[in-house]
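One structure is given here, and the rest of the page talks about it.
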Amino acid sequence: MNEEIVTLTIDGVEVKTKKGTTILQAAKEVGIDIPTLCFLKDINEVGDCRMCIVEVEGRKGFATSCIQTVEEGMVVHTHTPNVLEARHVILDLIISNHAKDCLTCTRSGNCELQNLAVKFNIQNVEFPGEVTQHKIDDQSPAIVRDFNKCILCRRCISTCKKVQDIGAIDCIERGFESCISTTYDHSLNDVDCTFCGQCIESCPTGALHEKESINDVWAKLKDPDTYVVVQTAPAVRVALGEEFGMPIGTNVKEKMVTALKRLGFDKVFDTNTGADLTIMEEANEFVERLQNGGVFPMITSCSPGWVRFAEKNFGDQLDHLSSCKSPHQMFGAIIKSYFAEKYGIDRNKICTVSVMPCIAKKYECSRPEMEVDGARDVDYVITTRELSRMIKQANIEFTQLEDGNFDDPMGEATGAGAIFGTTGGVMEAAIRTAVDTLENRSIDRIEYKEVRGEKGIKEATLNVAGKEVKIAVASGLANARKIMEQIRKGESPYHFVEIMACPGGCVMGGGQPIKTSTIRATVDVRKLRASALYEIDEKSVIRKSHESPVMKQLYAEFLEKPGSHLAHKYLHTSYSPKPKYDIE
Numbered sequence: 127m128n129e130e131i132v133t134l135t136i137d138g139v140e141v142k143t144k145k146g147t148t149i150l151q152a153a154k155e156v157g158i159d160i161p162t163l164c165f166l167k168d169i170n171e172v173g174d175c176r177m178c179i180v181e182v183e184g185r186k187g188f189a190t191s192c193i194q195t196v197e198e199g200m201v202v203h204t205h206t207p208n209v210l211e212a213r214h215v216i217l218d219l220i221i222s223n224h225a226k227d228c229l230t231c232t233r234s235g236n237c238e239l240q241n242l243a244v245k246f247n248i249q250n251v252e253f254p255g256e257v258t259q260h261k262i263d264d265q266s267p268a269i270v271r272d273f274n275k276c277i278l279c280r281r282c283i284s285t286c287k288k289v290q291d292i293g294a295i296d297c298i299e300r301g302f303e304s305c306i307s308t309t310y311d312h313s314l315n316d317v318d319c320t321f322c323g324q325c326i327e328s329c330p331t332g333a334l335h336e337k338e339s340i341n342d343v344w345a346k347l348k349d350p351d352t353y354v355v356v357q358t359a360p361a362v363r364v365a366l367g368e369e370f371g372m373p374i375g376t377n378v379k380e381k382m383v384t385a386l387k388r389l390g391f392d393k394v395f396d397t398n399t400g401a402d403l404t405i406m407e408e409a410n411e412f413v414e415r416l417q418n419g420g421v422f423p424m425i426t427s428c429s430p431g432w433v434r435f436a437e438k439n440f441g442d443q444l445d446h447l448s449s450c451k452s453p454h455q456m457f458g459a460i461i462k463s464y465f466a467e468k469y470g471i472d473r474n475k476i477c478t479v480s481v482m483p484c485i486a487k488k489y490e491c492s493r494p495e496m497e498v499d500g501a502r503d504v505d506y507v508i509t510t511r512e513l514s515r516m517i518k519q520a521n522i523e524f525t526q527l528e529d530g531n532f533d534d535p536m537g538e539a540t541g542a543g544a545i546f547g548t549t550g551g552v553m554e555a556a557i558r559t560a561v562d563t564l565e566n567r568s569i570d571r572i573e574y575k576e577v578r579g580e581k582g583i584k585e586a587t588l589n590v591a592g593k594e595v596k597i598a599v600a601s602g603l604a605n606a607r608k609i610m611e612q613i614r615k616g617e618s619p620y621h622f623v624e625i626m627a628c629p630g631g632c633v634m635g636g637g638q639p640i641k642t643s644t645i646r647a648t649v650d651v652r653k654l655r656a657s658a659l660y661e662i663d664e665k666s667v668i669r670k671s672h673e674s675p676v677m678k679q680l681y682a683e684f685l686e687k688p689g690s691h692l693a694h695k696y697l698h699t700s701y702s703p704k705p706k707y708d709i710e
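Listed below in structure tokens is the structure:
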């Protein structure tokens with residue numbers, strides 16, 4: 127069936143587009159830019175801020191281009207004197223009730239409000255008036271809310287509700303007192319927030335940001351009595367370069383390693399090795415369940431945002447979760463045990479730092495379960511953004527750095543570890559090892575493309591050693607809820623399920639470089655970052671975790687075998703139901 131085509135004119139340019147297209151989208155199709163602020167493609171298309179207003183011939187007043195659909199013969203003007211003056215007034219009004227500490231704001235230089243103020247030559251505020259004062263919520267271990275910088279665009283609300291199906295935040299109060307907050311204006315720490323950080327990624331200003339650990343890490347680096355070890359997640363290396371003007375998805379692993387060594391870390395390790403370790407344990411756990419009649423489906427537990435979601439919403443289904451810690455927690459435990467013993471370092475003097483694409487990892491490392499014999503697995507988590515700030519603080523010219531290599535004895539990871547950073551990657555890596563184990567041989571097949579791609583829920587059926595194994599992959603908590611409701615009703619057909627809290631997986635984590643609404647509307651950021659990880663996997667000499675010489679050595683010298691008593695002591699944990707609201 128042919129789609130109906132509408133012809134209109136925008137700024138003198140004839141445009142042919144599909145019926146139902148908005149004026150904003152039609153303008154983009156011919157390279158005409160209309161400014162936006164509250165607009166977030168497919169997530170927040172409500173026309174609240176009015177920055178995208180245009181004039182349509184034959185109509186009174188302005189049309190809001192992000193929600194007004196095109197019509198046959200429509201004549202649109204996007205920058206008449208009236209339109210420009212109205213946008214200037216709108217910006218003036220927004221800025222008049224906005225904090226003016228741009229120089230010290232974490233989003234300075236990457237703030238959509240700041241960019242528009244420059245674009246429209248806002249040099250002074252014509253409406254000084256009264257300014258609302260809001261408290262700063264910094265009680266959670268992961269997210270800081272400063273709604274003195276909030277512009278009520280509601281992008282965070284829509285993301286939390288539509289994408290993640292959580293609804294931890296909403297607009298409270300009315301009129302001039304309106305603000306974005308939680309139930310009864312409590313801290314995010316006390317409500318049904320999973321600390322996924324997708325609200326931060328959607329925020330156009332500095333109203334939401336991660337709780338920084340930079341100063342704590344600098345203090346440890348300056349302490350001569352502390353041995354500071356850093357590990358970096360797979361998704362970080364394909365996003366960090368964006369903070370220094372490099373193309374989206376550029377793999378900067380070698381420069382990143384050099385930068386970390388220049389910052390003063392005593393050892394620089396690869397969390398991909400921790401991912402290989404996770405596969406050794408997780409695949410073993412899955413095989414044991416399959417052979418001994420365990421609880422199905424087994425669900426991955428690498429994503430702390432997903433784990434917190436499960437504990438708060440599906441506390442009666444936690445026996446489905448793998449008991450494995452996440453890769454960086456496992457690796458932290460190994461650094462303070464095996465590595466410390468092997469090199470004669472007092473574990474009490476070791477500080478472990480994880481560079482993660484995820485702010486929920488900050489919460490995860492603070493969980494009481496994440497320690498062994500009184501030693502925290504991971505002491506600090508910093509995000510990709512925080513690492514970029516540290517590099518800039520040290521005045522390091524990142525793009526000019528020479529290549530460096532991860533340190534031994536745990537520097538070499540497999541391709542399986544690399545793909546952990548994208549949706550479907552954990553499943554594919556686990557299946558590579560589980561299939562070889564069940565078949566009792568090394569099979570030729572390495573790639574399982576059925577679980578790749580952007581689809582929110584992906585399914586596949588594998589025939590392994592005469593058994594039919596059904597698997598599924600879900601990314602984004604709205605999709606996780608669908609899977610979990612199915613399991614709760616006893617209707618799940620799956621044996622193995624991977625769940626990631628962030629849509630697209632860790633490459634789109636809440637600690638990654640923030641992209642403007644314009645970039646998000648025109649560029650598939652997830653695909654570019656994920657493709658870089660798959661390329662790392664394809665170029666790897668070893669692509670199965672159980673074939674890693676590092677894993678073989680680690681088990682021979684320390685852990686004995688997957689699932690051993692020692693493995694459970696250092697690499698496994700437990701989860702428990704949590705109240706949705708911790709409010710007195």
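Quick note, the sequence shown lines up with residues 127 to 710 if you use the numbering used here.
All C-beta atoms in this analysis are idealised placements derived from N, C-alpha and C, irrespective of residue type, glycine included.
Because the structure is a prediction, the values reported are computed rather than measured.
In this structure, the CA atom of residue 144 is about 20 Å from the CA atom of residue 169. A check of alpha carbon separations from residue 223 across 208, 257, 233 and 241 identifies 257 as the nearest.
Annotation for residue 684: no alpha helix (DSSP H) segment contains it, and DSSP assigns it neither H nor E. Counting C-beta pairs closer than 8 Å gives fewer than three between the stretch 548-563 and the stretch 379-397, which falls short of the contact rule.
One thing to note: residue 504 has its Cβ within 9 Å of the Cβ of residue 479.
Between residue 599 and residue 580, the C-beta gap is not smaller than 9 Å, which leaves the two residues out of contact. In the DSSP annotation of this structure, the continuous segment of the alpha helix (DSSP H) that includes residue 457 starts and ends at 453-460.
By the 16-neighbour rule on beta-carbons within 10 angstroms, residue 350 is exposed. Put simply, the backbone Cα of residue 321 is about 9 Å away from that of residue 484. Between residue 422 and the set 612, 473 and 373, the nearest pair of CA atoms involves 612. The criterion of a C-beta distance shorter than 9 Å is not satisfied by residue 510 and residue 661. Assignment of residue 278 by DSSP, reduced to helix, strand and coil, places it in the coil class. In this structure residue 697 is buried. Its beta-carbon is surrounded by 16 or more other beta-carbon atoms within 10 angstroms. For residue 144, the secondary structure class from DSSP, reduced to helix, strand or coil, is strand.
Counting along the chain, residue 194 sits inside no alpha helix (DSSP H), nor does DSSP assign it H or E at all.
The beta carbon of residue 219 is closer than 7 Å to those of 253 in its chain, skipping five residues each way along the sequence. DSSP places residue 315 in the helix class (H, G or I) of the three-state scheme. Between residue 179 and residue 213 the beta-carbon gap is near 7 Å, inside 8 Å, which marks them as a contact. The C-beta of residue 538 has 16 or more other C-beta atoms within 10 Å across all chains shown, which makes the residue buried. When Cβ pairs closer than 8 Å are counted between the two stretches, the stretch 404-411 is seen to touch the stretch 677-691, the count reaching three or more. Setting aside the 5 residues that flank it on each side, residue 641 is surrounded in the same chain by 651, each with a C-beta closer than 7 Å to its C-beta; the list follows chain order.
Taken through DSSP and simplified to helix, strand or coil, residue 509 comes out as strand. Nearest in C-alpha terms to residue 298, of all of 306, 227 and 286, is 306. When the alpha-carbon of residue 345 is set against those of 243, 390 and 694, the nearest one is in 390. For the options 603, 420, 266 and 694, the alpha carbon positioned closest to that of residue 313 is the one of 266.
Excluding sequence positions up to five before and after residue 576, its CB lies within less than 6 Å of the CB of 586, all in the same chain and listed in chain order. For the options 412, 394 and 182, the alpha carbon positioned closest to that of residue 205 is the one of 182. Annotated three-state conformation of residue 328 is helix, per DSSP. Exclusion of the five residues before and after residue 429 leaves 625, 626 and 627 as the residues of its chain whose Cβ lies within less than 7 Å of its Cβ. Judged by DSSP secondary structure, residue 406 falls within the alpha helix (DSSP H) whose first and last residues are 397-418.
Contact between residue 464 and residue 680 holds: their C-beta atoms lie close to 7 Å from each other, under 8 Å. Distance from the CA of residue 327 to the CA of residue 699, rounded to the nearest whole angstrom, comes to 30 Å.
For residue 358, the pairing in a beta bridge is given by DSSP as 396 and 481. Just so you know, the alpha carbons of residue 235 and residue 270 end up roughly 19 Å apart.
The closest CA to that of residue 450, considering only 670, 693, 215 and 142, is found on 693. Residue pairing for residue 172: DSSP places it in no beta bridge.
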